[in-house]
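First up is the structure itself, then whatever we jot down about it.
Protein chains: 2
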Amino acid sequence: MKKVGSQTFKPQNPPYLISTGVVAGPFEGRGILNEYLDHVYDDLNAGQSSYEAAEKHMMLNASLICLNKARKTPEEVDLFLAGDLLNQTITSGFTALELAVPYLGIYGACATSAQGMGLGALILDGGYASLIQTATSSHYGSAERQYRYPTEYGYQRRPTAQWTVTGAGSALLAVEGKGPRITLITLGKVWDLGIKDPFNLGTAMAPAACQTLIQHFADTGRGPRDYDLILTGDLGKIGGALLVQLVEKEGGFNLRENYNDCGMMIYDREKQDVHGGASGCASSALVVFGYIYRLLKEGRVKKVLLVATGALHSPTSFQQGENIPAIAHGVSIEA
Amino acid sequence: MKKVGSQTFKPQNPPYLISTGVVAGPFEGRGILNEYLDHVYDDLNAGQSSYEAAEKHMMLNASLICLNKARKTPEEVDLFLAGDLLNQTITSGFTALELAVPYLGIYGACATSAQGMGLGALILDGGYASLIQTATSSHYGSAERQYRYPTEYGYQRRPTAQWTVTGAGSALLAVEGKGPRITLITLGKVWDLGIKDPFNLGTAMAPAACQTLIQHFADTGRGPRDYDLILTGDLGKIGGALLVQLVEKEGGFNLRENYNDCGMMIYDREKQDVHGGASGCASSALVVFGYIYRLLKEGRVKKVLLVATGALHSPTSFQQGENIPAIAHGVSIEA
Numbered sequence: 009m010k011k012v013g014s015q016t017f018k019p020q021n022p023p024y025l026i027s028t029g030v031v032a033g034p035f036e037g038r039g040i041l042n043e044y045l046d047h048v049y050d051d052l053n054a055g056q057s058s059y060e061a062a063e064k065h066m067m068l069n070a071s072l073i074c075l076n077k078a079r080k081t082p083e084e085v086d087l088f089l090a091g092d093l094l095n096q097t098i099t100s101g102f103t104a105l106e107l108a109v110p111y112l113g114i115y116g117a118c119a120t121s122a123q124g125m126g127l128g129a130l131i132l133d134g135g136y137a138s139l140i141q142t143a144t145s146s147h148y149g150s151a152e153r154q155y156r157y158p159t160e161y162g163y164q165r166r167p168t169a170q171w172t173v174t175g176a177g178s179a180l181l182a183v184e185g186k187g188p189r190i191t192l193i194t195l196g197k198v199w200d201l202g203i204k205d206p207f208n209l210g211t212a213m214a215p216a217a218c219q220t221l222i223q224h225f226a227d228t229g230r231g232p233r234d235y236d237l238i239l240t241g242d243l244g245k246i247g248g249a250l251l252v253q254l255v256e257k258e259g260g261f262n263l264r265e266n267y268n269d270c271g272m273m274i275y276d277r278e279k280q281d282v283h284g285g286a287s288g289c290a291s292s293a294l295v296v297f298g299y300i301y302r303l304l305k306e307g308r309v310k311k312v313l314l315v316a317t318g319a320l321h322s323p324t325s326f327q328q329g330e331n332i333p334a335i336a337h338g339v340s341i342e343a
Numbered sequence: 009m010k011k012v013g014s015q016t017f018k019p020q021n022p023p024y025l026i027s028t029g030v031v032a033g034p035f036e037g038r039g040i041l042n043e044y045l046d047h048v049y050d051d052l053n054a055g056q057s058s059y060e061a062a063e064k065h066m067m068l069n070a071s072l073i074c075l076n077k078a079r080k081t082p083e084e085v086d087l088f089l090a091g092d093l094l095n096q097t098i099t100s101g102f103t104a105l106e107l108a109v110p111y112l113g114i115y116g117a118c119a120t121s122a123q124g125m126g127l128g129a130l131i132l133d134g135g136y137a138s139l140i141q142t143a144t145s146s147h148y149g150s151a152e153r154q155y156r157y158p159t160e161y162g163y164q165r166r167p168t169a170q171w172t173v174t175g176a177g178s179a180l181l182a183v184e185g186k187g188p189r190i191t192l193i194t195l196g197k198v199w200d201l202g203i204k205d206p207f208n209l210g211t212a213m214a215p216a217a218c219q220t221l222i223q224h225f226a227d228t229g230r231g232p233r234d235y236d237l238i239l240t241g242d243l244g245k246i247g248g249a250l251l252v253q254l255v256e257k258e259g260g261f262n263l264r265e266n267y268n269d270c271g272m273m274i275y276d277r278e279k280q281d282v283h284g285g286a287s288g289c290a291s292s293a294l295v296v297f298g299y300i301y302r303l304l305k306e307g308r309v310k311k312v313l314l315v316a317t318g319a320l321h322s323p324t325s326f327q328q329g330e331n332i333p334a335i336a337h338g339v340s341i342e343a
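Residue numbers (this note's numbering), protein chains in the order written: chain Z, 9 to 343; chain D, 9 to 343.
See the structure below:
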């Protein structure tokens, strides 16, 4: 069996990440990732009538850019795996409608980038497809009004609050081609630290990232030094610092040398005050499909472990007093 | 490649459906499926403080019953694939928390039963797991207040409206064992007929079911007569009748002999007036994991094609004037 240890899956022929596409909103365009974005929108609405329509436009655009770069058409794609934060993952469903490709909706909240790559790699290596596209997105406006308050309300953000990234990312995985390869996939369990505060999601998600990281090391015999870079998706400042402590305490691993969180790699901390950092499905998608993909292709890093994290609550579960459970999926991407 | 035609996937060693578990609410217990249910709850709340908590209790219970029947523990499960209708699929996430099993959230609305079985079969046959559990659920109370109106409002239902099934179903798929096998999986594209009425979902979903059915026949060289029974998930009375016409017109296939819709197989039409029929993720889950599974195990039917359908809208997309896109995934289950 192509399973290593209890939660890690190892493709026999690691699929290639042959192309990516990333688009983002105006605020993200003024951040430090600018030069790695394929398109930056001038306004949050992206010329559409609503934030939700804008988000769909972004996911579709990222997906088409990704296809164009690889000189592929939607007709050549065997399967589209996508997910997002909106209720009933409408962004993904409406994008799949436009692409007219066989579609499986996935939901891992902000862990969707890793979930899509990981699941895509399993299906490709299983011999079921030759080309799989994955996509994910988030939008500050649509997420704020769904999860918290409409942006027009102008509530004061707490120091732990994170800023939902506006943007979308897509990647094409293929059995053959050029590009970095997906070598290992560690699928996470759901964890609950007892956190109830939706303005402190980094803390709620850190234990899930910790468990997936430690399990990845246990399953593979690898350690932090086997990677040039270990990334989490959107733990932000507070969750990221907590993770470093947890991993040291629970597993004895030192993350202080080569760890970073995608949520700290998007905005310009000097000029853009986003409090706890960035969050949302697009956080890891922009960083990994944009910046890291470029680094891997140029050989500036060789082995990257992405552990994308997702908070699995809803506004309803929060209002009913439930804790915020979280999950993290790990994907090793190697040049 | 283990792909047949453009949308159908064929496992080399078709995985076994070694066990199922189904639980339902009181109204469903008074329907015609009663003797095939593992547990019927006395009230909609299932002893919990909210409809949402009740739905989670039901999915967890169905999953545990399913495991018990196969004398398996959650520790033996490689992967849990689950999805539901609630925002951010909280039922599935909270159930995965209790089971403490590696988890991938999926979203296909009411097509989730087929999506879970199909995806599970691909991962198993790909050599990545030996035991995969899938689950789905829906709940009349939680779905009504999320998608339409709170039940306390007492609005008058239209003739086309369908009744959301309260219940949950789970299935265990294994590389080795006894039971019916998943032989073919046809993954659907998203379709949009231009329907905007959330009280007429059967009509919105019929074209997706039609496309998946015709593609399944084209990909495999099979026709309706190759199956003892062809089932859709929850097209109901109106959508089902439309499907029969569409499939005849678009593909020249006659479904009049061995076709039924799960939404017409749950309630007692003499005594339970549910207008257009049943709907919800639990519609196909109760019928297929309960009734059909028994028929297959007893050899009373040998080849069944389930085409489960899902409407991919959200209340937000509806309010913003968008059409209701739909998807359908097909799974051939053979004794």
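Every residue, glycine too, gets a C-beta built ideally from N, C-alpha and C.
Range covered by the beta strand (DSSP E) that runs through residue i
i: residue 190(D); result: 189-194
i: residue 269(Z); result: 267-269
i: residue 332(Z); result: Looking at the DSSP string, residue 332(Z) is not in any beta strand (DSSP E), and its letter there is neither H nor E.
Test item: CB-CB of residue i and residue j under 8 Å
i: residue 322(D); j: residue 56(Z); result: no
i: residue 113(Z); j: residue 144(Z); result: no
i: residue 291(Z); j: residue 236(Z); result: no
i: residue 284(D); j: residue 169(D); result: yes
i: residue 37(D); j: residue 276(D); result: no
i: residue 331(Z); j: residue 186(Z); result: no
i: residue 104(D); j: residue 117(D); result: no
i: residue 7(D); j: residue 246(D); result: Because chain D in this structure spans residues 9 to 343, residue 7(D) falls outside the shown range and cannot be described.
i: residue 288(D); j: residue 269(D); result: no
i: residue 294(Z); j: residue 175(Z); result: yes
i: residue 86(Z); j: residue 138(Z); result: yes
i: residue 146(Z); j: residue 107(Z); result: no
i: residue 129(Z); j: residue 232(Z); result: no
i: residue 31(D); j: residue 76(D); result: no
i: residue 320(Z); j: residue 73(D); result: no
i: residue 191(Z); j: residue 240(Z); result: no
Reference residue i, options the options, closest by Cα
i: residue 34(D); options: 290(D), 23(D), 54(D); result: 54(D)
i: residue 115(Z); options: 334(Z), 167(Z), 172(Z); result: 334(Z)
i: residue 326(D); options: 140(D), 212(D), 26(D); result: 212(D)
i: residue 286(D); options: 301(D), 259(D), 232(D), 207(D); result: 207(D)
i: residue 123(D); options: 59(D), 231(D), 337(D), 180(D); result: 337(D)
i: residue 52(Z); options: 43(Z), 62(Z), 46(Z); result: 62(Z)
i: residue 6(D); options: 180(D), 94(D), 161(D); result: Since the first and last residues shown for chain D are 9 and 343, residue 6(D) lies out of range.
i: residue 258(Z); options: 299(Z), 319(Z), 320(Z), 216(Z); result: 216(Z)
i: residue 12(Z); options: 28(Z), 230(Z), 240(Z), 48(Z); result: 230(Z)
i: residue 329(Z); options: 47(D), 21(D), 58(D); result: 58(D)
i: residue 29(Z); options: 297(Z), 193(Z), 191(Z), 136(Z); result: 297(Z)
i: residue 171(D); options: 218(D), 194(D), 342(D), 210(D); result: 210(D)
i: residue 198(Z); options: 190(Z), 189(Z), 214(Z); result: 214(Z)
i: residue 228(D); options: 88(D), 93(D), 107(D), 339(D); result: 339(D)
i: residue 267(D); options: 249(D), 279(D), 43(D); result: 249(D)
i: residue 66(Z); options: 149(Z), 49(Z), 110(Z), 93(Z); result: 49(Z)
Limits of the unbroken alpha helix (DSSP H) element including residue i
i: residue 327(Z); result: 323-327
i: residue 151(Z); result: 148-155
i: residue 217(D); result: 209-228
i: residue 311(D); result: Premise fails: residue 311(D) lies in the beta strand (DSSP E), 311-319, not in any alpha helix (DSSP H).
i: residue 179(D); result: Residue 179(D) -> not in any alpha helix (DSSP H); beta strand (DSSP E) instead, spanning 175-182.
Notebook entry, point to check: In chain order, what residues of the segment 24-41 of chain Z put their CB closer than 8 Å to some CB of chain D?
Noted result: none
Next item on the list: Report the residues of the segment 106-126 of chain Z with a CB closer than 8 Å to any CB of chain D, ordered along the chain.
Entry: 108, 109, 110, 111, 112, 113, 114, 115, 116, 117, 123
Next item on the list: Note down, in chain order, all residues in the segment 306-326 of chain D with a beta-carbon under 8 Å from any beta-carbon belonging to chain Z.
Entry: Close to chain Z, meaning a Cβ-Cβ distance shorter than 8 Å, are the following residues of the segment 306-326 of chain D: 320, 321, 322, 323, 324, 325.
Item checked: Residue ranges of each alpha helix (DSSP H) within the segment 22-63 of chain Z, 4 or longer -> Here the runs fully enclosed are 34-37.
Next item on the list: With 8 Å as the limit, tell me which residues of the segment 191-204 of chain D have their beta carbon closer than that to any beta carbon of chain Z; keep them in chain order.
Entry: 195, 196, 197, 198, 199, 200
Margin query: To be precise: take each residue of the segment 125-145 of chain D, compare its Cβ to all Cβ atoms of chain Z, and keep it if any distance is under 8 Å. Which residues remain?
Written below: 127, 130, 131, 133, 134, 135, 136, 137, 138
Item checked: Near-chain Z residues of the segment 56-67 of chain D (beta-carbon distance less than 8 Å), N- to C-terminal order -> 57, 58, 60, 61: these are the residues of the segment 56-67 of chain D whose beta carbon lies less than 8 Å from some beta carbon of chain Z, given in chain order.
Check: Of all the residues that make up the segment 253-287 of chain D, which are near chain Z by a beta-carbon distance shorter than 9 Å?
Finding: none
Notebook entry, point to check: Looking at chain D, which residues of the segment 64-98 of chain Z have a Cβ within less than 8 Å of any of its Cβ atoms?
Noted result: 86, 87, 91, 93, 94, 95, 96, 97, 98
Checklist line | Ranges of the alpha helix (DSSP H) found wholly within the segment 234-262 of chain D, counting only runs of at least 4 | finding: 244-259
Item checked: Start-end ranges of the beta strand (DSSP E) lying completely within the segment 90-154 of chain D, minimum 3 residues -> 111-115, 139-146
Next item on the list: Entirely within the segment 273-301 of chain Z and at least 4 residues each: give me those alpha helix (DSSP H) ranges in chain order.
Entry: 289-294
Checklist line | Contact list for the segment 161-182 of chain Z against chain D, Cβ threshold 8 Å | finding: Flagged: no residues at all.
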